[in-house]
Each structure stands twice: as C-alpha cells, then as structure tokens.
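In this note's numbering, the protein residues as written are 1333 to 2069. Ideal Cβ positions, reconstructed from N, Cα and C, are used throughout, including at glycine. Being a predicted model, the structure only gives us computed values, none of them experimental.
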Amino acid sequence: ELYFKNLSKQKQKEVMEKNGNNHKLRVCVATCNRADYSKLAPIMFGIKAEPQFFELDVVVLGSHLIDDYGNTYRMIEQDDFDIHTRLHTIVRGEDEAAMVESVGLALVKLPDVLNRLKPDIMIVHGDRFDALALATSAALMNIRILHIEGGEVSGTIDDSIRHAITKLAHYHVCCTRSAEQHLIAMCEDHDRILLAGCPSYDKLLSAKNKDYMSIIRMWLGEDVKPRDYIVALQHPVTTDIKHSIKMFELTLDALISFNKRTLVLFPNVDAGSKEMVRVMRKKGIEHHPNFRAVKHVPFDQFIQLVAHAGCMIGNSSCGVREVGAFGTPVINLGTRQTGRETGENVLHVRDADTQDKILHALQLQFGKQYPCSKIYGDGNAVPRILKFLKSIDLKEPLQKKFCFPPVKDNISQDIDHILETQSALAVDLGGTNLRVAIVSMKGEIVKKYTQLNPKTYEDRLDLILKMCIEAASEAVNLNCRILGVGISTGGRVNPREGIVLHSTKLIQEWSSVDLRTPISDALHLPVWVDNDGNCAALAERKFGHGKGIENFVTLITGTGIGGGIIHQHELIHGSSFCAAELGHIVVSLDGPECLCGSQGCIEAYASGIALQREAKKLHDEDLLLVEGMSMKNEEVVSAAHLIQAAKLGNTKAESILRTAGTALGLGVVNILHTMNPSLVILSGVLASHYVNAVKDVIHRQALSSVKTVDVVVSNLADPALLGAASLVLDYTTRRIY
C-alpha cells in the first residue's frame, strides 16, 4: 500500500512538472439545477479547499435562475461560492420544443463565457439537456471535459443524452462497477475512467445532524413524527408525457387516500412539468391539510427529511440512489429509472395504471426500515476525484481516443483472399459409403470423393485421413482455402469434444471414438463433428428452406429416420446430446419392433429398412410383383420395389405406404405440439413419397393452432455433406459451438 501511495505521489509530481510547477488547474464547474448541484457541491468544496492546486470558476444556468423552481442559485451563494456567470438559458413552455430551444439558447451564450474563463477542464454532471449544451460547447472549443455519473442506465431521453455526453467527454467519473463496465463497452479509454462513487454520498454518509426534528417540523408541521410522513418527488417522462401526467394524477389520488402527511416537491423543468403542476392545483394539493407543496428544499435538510421518512415515492433518481444510504423505503413509479441499480429498499411499480396498485405499494412499504445500501458510494468519492484531477496531464493530446474492440481486417484488397475461395472439407460417414467433399461458402460442392466405408475402426479412420489429405491437397490447386473439417456421422455425438459416443448398428466399431484429435493433428485444421440429422438441419439453415427461419424441424427419411431441430436460430443438442432422435418417437404401443429395441417407433414404420422388411414379406407370399414389374433371381428386394408396386396399383403395397406415411405424420404432429416450429422440412429419398400423407395427418390430427405449419420437401441435393460443411463455415467466424 505504501509503495502505491509513493508511486501516486511521484506521478502527481511528474504531472505538475509537465504542466509547470506554478500552473494551477483551472476548473470550471457548471451547474444547471438543484439535483446536479447536490452532486457537484462536494467536489466544489474539495477544489476550493486546495487553492494551491486549483482555481475554481462557477457557472450557473438552467432552472437555478427561475423563480418557479425556487431560485436555487441562492443555495450556491449560501455555500459561499463566487458565481462567475449567470446564464438565463431556459425557454419557458415546459414542452419538447422549449427543451430544444433551451439547448440552442445555451449554445449561443456559452462560447462567450468559455472564451473569457479559458478553463483547463470543465466538470459536467449527468444527463440533463442543459448538460448536453455544456459538453457540446466545451468539446467544440477544445476544452477538456470531466463527466460525472456516465455509464449509468435509466429511462427516458436522459439515457441518450448521458451517453452522448460520454462520447464528448475526455475523462469519466462513475459511481458503480456496472457503470464502469458500460463505459468500457462504449469504447472509452479505461485509463481515463475513475470508479469513485457518487460525490453526494460523501455528505450523505457523514450527515450527523441530530436536530432533524426541527427540520421535520419546519417543512411538515409541529405534529409530525419521524417515520410517519411521506416525501413525494415525481418528474415528467419526456418520451411519454401523457402517461406520466396520468400516473402523477393516480399517485396524488393514492396519497390522498393513504391519509398521511406528505411533502410534495414540484417537478423539474422538463417537458410536461407545467401540466403536472396543473394537476397538483386541480386536486388542491397546495391547500390540502395533509400536504406541503414546495419548490425547493436545501440539500442538507432534504437529506434529513428522506432519512427519517416513512416512505419516499415518485420517479426521481434520488429515490433509487441517495435514499438507499438510509434504508428508507422507496416506491419507484414508471419507467424513468428503468435500468438503475437499486437496493432492496426500492419497490418498483413499472405500470402504475390504477390508484389501487399505488395504494397497495404504499401499504407494503410505509414505515419499513431496510438495511443501508452503499451501491453508489462509500463516502470517499471527492478525495478520489481530486486526486484524479491532479493526475491530468495538460500536455497530452486533446483529441480523445476510443478503444474499439479488435475487428477483422478489411480483406477486399488482399489478393490472396480475392483469389481464394473460403471452403470446408465435409465428411459424410454413411452405413455403406464414406464421402469427402470440398464445399464452398456458397454451398457449391467443388469436388467429391467416394469410397466404401470399411468395417473396422482402424481401417475407417485411416481412410478418412487419407481422403481428407488428398482433398486438402487438391483444394490448393482449386484455389480453395480450407477453413476446417466438418464430419457428419450416424449415432449419438458429443459435438463439444468431437466424440462419437455410440453409433447405429449400420456402422460397426464406432462407439467412444475421438474423431477430432487425430484428424486435427494430421491436417492442422479445426474439426467439428455432429450427428447426421443435426447436420441436415444445419444444411437447411444455411443453404435450404430454413434460411432465415427462426424455428424449424428437419426430418430425414432414408435408411433410418433422423432429424434436427433449430430453435431461435440455434441447433438443439439436449443435455446428453440425444435431442432430435425423431425416428424414435413412439406412435403405437404395439407396433413393429424397432432396431433401437423398442416397439412402435416411427423408424419401425417409415424408414427404408422398415419398408424393405414389408416388401420382403409381400415377396415371400408372392404378393409384391404386379403387371409391369420384374425382378432378377439374384436381385435383393428393397423399399424401391414396394414403392414401384404401389405406383402400379398394388393395394397391399399402397396400404403399407399409407401406414408408413400415417406413422410419420403422427410423429410430426407430436413434434408440432412439443416444439411449435413454423416449418417442417422432409429430407431424404423417401421425402417426396411421404409429404402429402404427412400434411393429411396434420390436417386431421393436429390442434388448430398448428395446422397452418408449412411442410416442404428439401431441395438440397446432398444435405449430409452440406450440413458437415456448414459446421465449419458457420462456426469458424463465430468462434463458438
């Protein structure tokens, strides 16, 4: 600790030597209203207390100088600060146009003041429209800006103004860790951000005025006791003025019904405040025996009032920030403070659309005592800020720099990228064949290699490596830059580790197989592995009917039945990588036996193997062949023969296909009722034979809310290879899988 203190002193000494030993930092503090002065005053006192380092100039503008808002510039004078300049910048009207005109008027008047003062740095607070004019003027006149309370989040136009000031400011003092992270995310230089806490907390946490009773009696009456009154402070919401006025009216109605002594402060100068004052007068608040309506309370006294109140209600930032230091219950109304960090003392009533809702909140909160919250500060903000000011080197370049995250270089003028086609090596491990292809970013199969799939694990892995190496070498000649290898295989796959957990019976010796490591080591390329059904869904998402669709399901109808589910544009794997085993949805309790060991699965009815089984039965009974069909003695009966027989009028074959289509359709209905996709894509060699049957079952069996789902046949020629390629092409840029 001593080392860092000495290091800090040394840095301050170096800065003073750079700036000139006799040069004091000339600081201009501009305050616009009672709220920002409560945050700026502790800093001003600190600056004033160190005349050997600083010269202080105070500029007062905005609602400080308006009688209707309490002429609050007087409290600055009472604090013994010399006001260098008073600028009347508020255009009355209290509507949106008046706010814009006020900013314009301030921009007209401020240049002359800043030219005369020539400050080294201007301190600007918060998110008010007046502050935006201050920051704009200072930035355009090459004056350094220190912004207080940047990075915070709230409702209304204040958010936009606060972030706009952040982009103009050269230095930032924030109050919370979240605000600091927001500033960093906004590309501000971390070295110019100080996490100090809120300056007003320095006064709040040191407030020890024991004579609070005299303050309570002065503002609320002689008969009022601590914790038995309410402080109300509500401002218009500039982005929804009508609703905020209605909410204010409901708040007053609820307070009248609650029947407790209430101190009501007039709203600020934002658009809509005039209408809110009219509501107060319409309801007779200024003459109601339970209410005390005031334009302004000095901050020292306001602290004591909220510290000993039974509750504070409204939408002021004071309620969600400062009041937490005392544990006073707060009811935050509406959206004006949405996004602010709050303590447990705050009860949010986001949509205060009825008097009863607000009244119920009052009944819940009034009189409670919560733990004190120090979210916004620990009482030591001002010393940190003064130290930060002393460290500013005026000889550093004035032009601020933004710390943008790294982005990909512009490759449009790189000849290598122009000549090369970004591509993937796609591998499809089928029950019969092993295929490898070079696939371009547009989904074009540039070149394809096919071999019979070996029966043993060692031979199969050797062949995969041999074919991939051959394809990668050929890719160089084809000007294809290989980004990685994607592998589509049957069975259950852990895509995170690139391991085939166990395979289908069609691929032997293919369980607990690590595909990623040996292939990645041999080719020096990233490798992705996934189930063939999932790959088909990815192919549809990137190249097929699923492109741009948020939720859809792909069903593969081939030797087996598989599929993949895309939900909110992402592939679903499930907790044990078993999601989308759609072929094993049970549609009959006493159906035919499936290869999985169960009965009545879709696959047991509608797969190529199931159709082949039924075709053999018919053939054995001499019921398969009809006029127009012939078979050679050595020819193996297949599903194709069954389909041909059905087309030629074989009623037995037609019945089998109808049953298969119904089973598949019932499975799709179950999927619709579970996942509610907007699209079902049938893929594989049998898709065109099943599509009408599936639509018919949906029409008869599905709930009316899902009957309108689109069912289409895939138009992709090779979804397995394209899906394997999309593993690479999608995820090499996203860096996640």
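Cβ-Cβ distance between residue i and residue j below 9 Å
i: F1734; j: E1520; result: yes
i: D1444; j: H1416; result: no
i: I1525; j: C1506; result: yes
i: L2053; j: A1869; result: no
i: G1666; j: D1683; result: yes
i: T1753; j: L1810; result: yes
i: R1848; j: G1822; result: no
i: G1402; j: F1598; result: yes
i: L1857; j: A1804; result: yes
i: L1956; j: K1984; result: yes
i: V2045; j: A2019; result: yes
i: D1411; j: F1386; result: no
i: L1464; j: A1496; result: yes
i: V2029; j: L1996; result: yes
i: G1458; j: A1367; result: yes
Counterpart residues of residue i in DSSP-defined beta bridges
i: E1387; result: R1358
i: Y1765; result: Reading off the sequence, residue 1765 comes out as Asn, not Tyr. Answer by DSSP bridge pairing, in chain order: L1784.
i: T1674; result: Beta-bridge pairing links T1674 to no other residue.
i: I1645; result: A1564, I1663
i: L2011; result: F1884, D2042
i: F1623; result: T1594
i: D1846; result: I1831
i: E1902; result: H1899
i: N1758; result: According to the sequence displayed, residue 1758 carries Ala and not Asn. DSSP output for A1758 lists A1769, G1818 as bridge partner(s).
i: V1392; result: T1363, R1418
i: G1894; result: I1888
i: Q1931; result: E1925
i: R1824; result: H1834
Member of the options whose CA lies at the smallest distance from the CA of residue i
i: D2042; options: S1648, S1970, N1883; result: N1883
i: G1915; options: H1877, G1896, H2005, H1905; result: G1896
i: G1816; options: A1769, I1562, K1732; result: A1769
i: A1625; options: G1666, D1683, N2047, V1611; result: V1611
i: K1450; options: I1493, K1356, G1482, E1925; result: K1356
i: L1582; options: H1620, C1530, I1724, T1686; result: T1686
i: S1844; options: A1465, Y1544, T1753, N1826; result: N1826
i: S1538; options: L1587, P2009, A1758, A1713; result: A1713
i: T1571; options: I1548, D1602, I1547; result: D1602
i: S1605; options: N1365, H1567, K1592, H1620; result: H1567
i: A2049; options: L1584, L1691, I1888, D1922; result: I1888
i: A1854; options: A1438, I1796, D1490; result: I1796
i: G1932; options: I1548, I1975, D1710, V1918; result: V1918
i: I1724; options: A1803, H1901, I1453, S2037; result: I1453
i: A1467; options: R1448, M1518, I1489, R1494; result: R1494
i: N1866; options: G1818, N1677, A1501, V1563; result: G1818
i: E1913; options: E1925, H1901, P1924, V1885; result: V1885
i: D1632; options: R1792, I1455, H1951, D1534; result: D1534
i: A1693; options: S1589, L1442, L1793, P1786; result: S1589
i: R1418; options: Q1731, N1591, T1363, V1678; result: T1363
i: V1391; options: Y1369, Q1384, L1718; result: Y1369
6 Å Cβ shell around residue i - same chain, five flanking residues per side excluded
i: Y1789; result: E1841
i: K1337; result: Residue confidence for K1337 is low, a pLDDT of 48 falling below 50, so the modelled location carries little weight; the figure read from the coordinates is stated next. Counting only Cβ-Cβ distances below 6 Å, and skipping sequence neighbours, we find nothing.
i: I1750; result: Bear in mind that a pLDDT of 48 at I1750, under 50, signals an unreliable position, so the model cannot answer this.
i: E1484; result: A1511
i: D1560; result: G1642
i: Q2033; result: V2001
i: R1593; result: L1552, V1556, Y1561, N1622
i: D1543; result: none
Same chain, Cβ closer than 7 Å to residue i, five either side skipped, listed in chain order
i: T1782; result: N1765, R1767
i: I1489; result: T1570, T1571
i: V1563; result: L1595, L1637, V1638, A1641, M1644
i: S1744; result: Because S1744 carries a pLDDT of 45, less than 50, the predicted location of this residue cannot be relied on, and the following value inherits that uncertainty. None.
i: E1426; result: V1601, A1603, G1604, S1605, K1606
i: I1547; result: Q1633, Q1636, L1637
heavy atom of the ligand PLP below 8 Å from residue i C-beta
i: E1806; result: With respect to the ligand PLP, the structure offers nothing, as it holds no ligand at all.
Same chain, Cβ closer than 8 Å to residue i, five either side skipped, listed in chain order
i: A1911; result: I1897, I1904, H1905
i: G1878; result: A1869, E1872, F1884, T1886, I1898, L2011, I2013
i: H1901; result: R1873, E1882
Could you tell me whether the stretch 1627 to 1644 touches the stretch 1693 to 1702, using the rule of 3 or more Cβ pairs below 8 Å? yes
Checklist entry - So, do the stretch 1655 to 1670 and the stretch 1617 to 1634 have three or more beta carbon pairs nearer to each other than 8 Å? => result no
Margin query: Check whether the stretch 1478 to 1497 and the stretch 1392 to 1412 are in contact - that is, three or more C-beta pairs closer than 8 Å.
Written below: no
Note to self: Does the stretch 1936 to 1945 come into contact with the stretch 1985 to 2005, if we say contact requires no fewer than three beta-carbon pairs (one atom in each stretch) closer than 8 Å?
What the structure shows: yes
Q. Should the stretch 1940 to 1950 be regarded as contacting the stretch 1972 to 1979, the criterion being three or more beta carbon pairs within less than 8 Å?
A. yes
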